[in-house]
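Report on the following structure.
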Amino acid sequence: MTWWSVVRFAHVMGAALWVGGQLTVSLVVMPLARRLLDDERRATVMRAVGRRFGLFTAAVFLPVQLGTGVALAWHKGVTWASLADPGYGRILAAKLALFCAVMATAALHGWASSGGRPALARAAAVASLVGSVGVVLLATALPAT
Amino acid sequence: MTSEIRIEKAPPGPPPGPVRHRASWHLRANALVVAWLAATVAAALAGDGLPAPRWLLIHLFLLGAVSTAILIWSEHFTVALLRARTPEPRGSLIRLGVLNAGAVAVLYGMTAGPWPVAAAGAAAVVAVVLWHAAVLVGMVRRALPGRFGHVIGWYAAAAGALAVGGTLGGLMAAHVAHGGLHERLHAAHAQVNLLGWVGLTVLGTLFTLWPTVLRTRMSERTRRASRAGLRLAASGLVLLTGGLLADLRVLAAAGLAVYAAGAGAALVPLAEAVRARRPHTGASWMLAAGVAWFEISLIADLVIVAGRPTEQVAAALEPLVPLVLAGFVAQILLGSLLHLLPAVLGGGPARFKQNAALLERGWPVRLAALNAGVPLLALPVPEPLTLLGWALVLASVAAFVVLAVAALVRSAAEEHPARRAAASPALAGVVAGCLLTAAAVVVAVTGDPGPAASVTATGARTVEVTLSGMRVRPSVIEAAPGTVLTLRVTNADAQRHDLRLATGERTPMLAAGQSATLRLEPLGETVEGWCTVAGHRAAGMTMRIVPTAALAGAGTGHGTHDPAGQARSSDGGTAGGTDSGGTAGGADSTDPGDTATGTGGTGSGDTTPGSGTGSADPGAPGLDLAAPFSPGWKPYDATLKPAPGGTEHAVEIRVDDRTVLEVAPGVRQRVWTFNGTVPGPVLRGKVGDVFTVTFVNGGTVGHGIDFHAGANAPDTVMRTIDPGQRLTYRFRAEHAGAWLYHCSTMPMSLHIAAGMYGAVIIDPPGLPRADREYLLVSGELYLGEPGSDGQVARLREDRPDGWMFNGAAAGYDHAPLKAKAGERVRIWAVAAGPSSGTALHMVGAPFDTVYEEGAYLLRSGDPGGAQVLDLAPAQGGFAELVFPEPGRYPVVDHAMRRAEAGAHGLFEVAAR
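Keeping their order, the protein sequence lines are chains H and X. Per full-length UniProt numbering, residue 1 is the first one in the first sequence, and the count goes up by one each step. Per full-length UniProt numbering, residue 1 is the first one in the second sequence, and the count goes up by one each step.
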């Protein structure tokens, strides 16, 4: 139990909250809202939920993940060149790329829902969720040494 | 002459029914183009994971997407321009189907399958375009004279160009040409396909498409410019192709210049149209940019063709290919589809506008990205910038593919509203997310070395690797696990090769004579290597790096293992291009600081892929010389015929290194031979006779020949020639004797041990007649596939598995030689070795005459006698005797170890 454990804990926790939050909104909040609320109030609620989640993402999740992620990589001795190496480097690079794609999709979701394109927003939200699960998959594939 | 051409609408004539049918068939056909484009993007992303990645990328795009698009659209335009009746849709579908099947066959055959599949695919493609051209010409014939008939000439000429280019491609797939001729074929293939099939089609289409895209009028001078342009361009193409194939640089350059002039003439009316109306849509800008890149690449091409020998054109064009593909072809294709797809998708003016808007979405960004990326692909910029260029180009193409798929899906959904439900946003999101994840996983997993990463280095070695004649030499490298191997790879061929290993290391494409160094990770598991040039892997340009521990486990080794940092390489043939036998092709390239003597892992008798004829249990104890030979086995005829008359002898000697012979009772294995026998054919003559030997390498690796009986500088006549080549070896036999001839390619120990030897008998003047004459050529027997690790190891340690007279151990025990008591029998002998001589002895009958190395040691009538005809390796002579009484007389090599391991035969002597 060193300080690095704490950093890793924060990184894993952040990921769990982000993926879990998306799952909760998509699988719990959305269907219930659709069933219980009329169109107008549902729109208000969902907009508020989306805004809050977006705020959480930008203010907490992203800084924590980026900070702890960079620190962990530095601790592990990852260099730019080693990102291309097969094995740990390649998996990490793929994970980072997928993470960037997920963030872009999430941003697309925010833009589409505020711009009145519900279908695109929905598709982007689901894509972002599935992609996030993919990030977790790649994280578990990283060799544990 | 000045009316606006509208090709986005079907000609007014036919009734509505067929029109709808037509739109739907075009829809489906264009889905093929989009699918090929998607496959191209996927191949580019998969990159090195694919066999022959570069070739595959080029041909997925050009042969798949572009050729399909040209076939569809040139027919469509011909119909629209001539206001002709749509040709039989079944014919069009068949053409399209065969073209795509041919393309798939070519792609599969070149990258994975046997080459005949690729050649058959090329033939199918050629047949389809010829049929296509015939259909177009037929339509022109039947149509009323119109203003646009001239365009069809361009399409027909383009189809003719692909017929030529496809034929050239098929010839390359069949490996009919080697070295320089292959490179010239390659250059002609690329030029005629790109400038002819693609270039002529594009130029012809632009006459009408360009004014339509600009929404302006066609220039007055179009028809004249078109006719002049086509005449110049087509004849220029003929000159260019002929010049490249015939190795006439000036002719080729002149042809290209004429072609460029034709293209210039054709572009004049287009430039006039621009003056009338500026480009204002995505389609028009993309087309304009595409034409600009076409001109740039034409100029660069002209510089290349004019500036260097024709063999080097193909290699020099290499960097230009991405520019032509992405800048010119892809951009023209995207621009045309951008303009034409909405019209094809149909569905009324509102739908047309919607589709057009969808496809044009973000076009300035896509245009800028593509055209910023193109120069980065062609210029010698650092690696990251090239990658950036690819990213820009591919992103632009991928964006179009996505939009086009969306438009196609939307139209399909319009036609079948029931399917609309399937395209729900949630499902789309799941699919997008899964695709993203799958792509990331593919990136993460590719090139994973697996357990090899944990291997610790135990030593270091450098091995010379030669690429030539469709072979990688050595074909098998053995090393102790953990050895850090460095491969110095040299292309000794006249055509280009590279070497790529399954672990991901690869050399750049190497021109003739170039070298590159690969440093490998510590050796863990068996590593495959191959040349990525299309078709070369299938043709046998492969190698393997094998950890020795893995080998020992596979066989019944009786050697001791010496683990630390030793490596051996066995050579499947020659070092490429050895002229005088002075260089060894990696037969033994042990580090100076490494004292390994190559003793480990000799258990396996057979490690060469594709063999299977070798004995399972090598080593002398495994030979059962008393066992019978297989039924049908015939011994080499030891009877020596008298010299034919005349003083000139013409002989053809052909290498066959795929022969399987029975080398010991029950042991059939592959041997390397001259004319299919061990020993090779016997040449016999008198002193002063001239032998003209036509030496043909019908084998699979390089071979040469060396006649000891001749006096020639070795440089030319004894040079190694590649499979399929021949040379003439002329020598005058100035001296009498029993002479050896053998393969002159390094490592000679291997080539001789594998069976490549024979005898030349030059009778001494005044040689008396004997009642019988026999020839025995002694040689060592090494079990296993020639060149396999176990065989080479025993060869190097001088540990043969047996000894043979005339290519079979104990052969004449099972098929005794005949004689009669009282007859004078002359036994000629040559010791082929490679390392053992022979001490030829007849049990029970002394020799009364011995002639050895050009001189009599003993003559009949002398008081003395001889017990042994003693020959060092490569020496020859004869001994004579008279059998005293009937009986069975063993003839042996009196080095008894050799006699007991096969150098043993019988004379069955009958009563007179």
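Here a beta-carbon is modelled for each residue, glycine too, at the ideal position from N, C-alpha and C.
- Under the Cβ distance rule, X:Val397 does not count among the residues neighbouring chain H, no pair being separated by less than 8 Å.
- Between the alpha carbons of X:Leu270 and X:Trp115 lies a gap of roughly 43 Å.
- Within the region 121-136 of chain H, contact with chain X at the beta-carbon level (separation under 9 Å) is assigned to Ala121, Arg122, Ala123, Ala124, Ala125, Val126, Ala127, Ser128, Leu129, Val130, Gly131, Ser132, Val133, Gly134 and Val135.
- The region 36-46 of chain X makes contact with the region 62-70 of chain X, as at least three CB pairs between them are under 8 Å.
- In the pairwise beta carbon analysis, the region 752-771 of chain X is classified as touching the region 819-832 of chain X: at least three pairs are separated by under 8 Å.
- The Cβ of H:Lys76 sits no closer than 8 Å to any Cβ of chain X.
- Taking 8 Å as the upper bound for CB-CB distance, X:Leu162 and X:Met172 are not in contact here, some 15 Å apart.
- Contact between the region 97-117 of chain X and the region 141-160 of chain X is absent: fewer than three C-beta pairs spanning the two stretches fall below 8 Å.
- Interface annotation for the region 77-93 of chain H against chain X: Pro86, Gly87, Arg90, Ile91 and Ala93, criterion Cβ-Cβ distance under 8 Å.
- Only exposed fits X:Lys641, as fewer than 16 other CB atoms lie within 10 angstroms of its CB.
- The three-state reading of DSSP puts X:Trp131 in helix, counting H, G and I together.
- For X:Leu783, the closest C-alpha among the options X:Thr86, X:Trp803 and X:Gly737 is that of X:Trp803.
- From the listed residues X:Phe328, X:Val324, X:Arg410 and X:Pro319, the smallest Cα separation to X:Pro380 is found for X:Pro319.
- The continuous alpha helix (DSSP H) containing H:Leu92 extends over residues Tyr88 to Ser114.
- For X:Gly524 against X:Pro474, the beta-carbon gap comes to about 20 Å, at or over 8 Å, which does not count as contact.
- Taking a beta-carbon distance threshold of 8 Å, H:Ala73 does not count as an interface residue toward chain X.
- Assignment of X:Leu467 by DSSP, reduced to helix, strand and coil, places it in the strand class.
- Proximity of the region 676-685 of chain X to the region 714-724 of chain X falls short of the contact definition, fewer than three beta-carbon pairs being nearer than 8 Å.
- DSSP, reduced to helix, strand and coil, places X:Thr517 within a strand of the structure shown.
- Cβ atoms of X:Glu652 and X:Val687 stay farther apart than 8 Å, at about 23 Å.
- Shown here for H:Ala106: same chain residues with a beta carbon closer than 6 Å to its own, the five before and five after excluded, namely Ser128 in chain order.
- The closest CA to that of X:His904, considering only X:Asp498, X:Val274 and X:Gly779, is found on X:Gly779.
- Neighbours of H:Ala101 in chain X, taken as residues at a C-beta separation under 7 Å, are given in chain order as Leu436.
- For X:Pro886, there is no enclosing beta strand (DSSP E), as DSSP marks it with neither H nor E.
- By alpha-carbon distance to X:Glu880, the top candidate from X:Ala839, X:Gly146 and X:Tyr774 is X:Tyr774.
- In the DSSP assignment, X:Thr692 falls within the unbroken beta strand (DSSP E) covering Val690 to Asn697.
- Excluding its 5 nearest sequence neighbours in each direction, H:Ala124 has C-beta neighbours in its own chain below 7 Å: Thr105, Leu108, His109 and Ala112, listed in chain order.
- Secondary structure remark: continuous alpha helix (DSSP H) runs of at least 4 residues inside the region 742-791 of chain X, in chain order: 748-753.
- In the displayed model, X:Asn806 falls within coil according to three-state DSSP, outside both helix and strand.
- Cα atoms of X:Leu394 and X:Val324: separation of roughly 14 Å, rounded to the nearest angstrom.
- Nearest CB-CB separation between H:Ala141 and chain X: below the 8 Å threshold.
- Contact note: H:Leu98 reaches chain X through Leu436, Thr437 and Ala440, using a C-beta cutoff of 7 Å and chain order.
- Interface flag for H:Ala15 against chain X is unset, since no Cβ pair is found closer than 8 Å.
- For the pair X:Ala105 and X:Gly113, the Cα-to-Cα distance works out to about 9 Å.
- Cβ atoms of X:Ala736 and X:Gly811 stay farther apart than 8 Å, at about 28 Å.
- The C-beta of H:Lys95 has 16 or more other C-beta atoms within 10 Å across all chains shown, which makes the residue buried.
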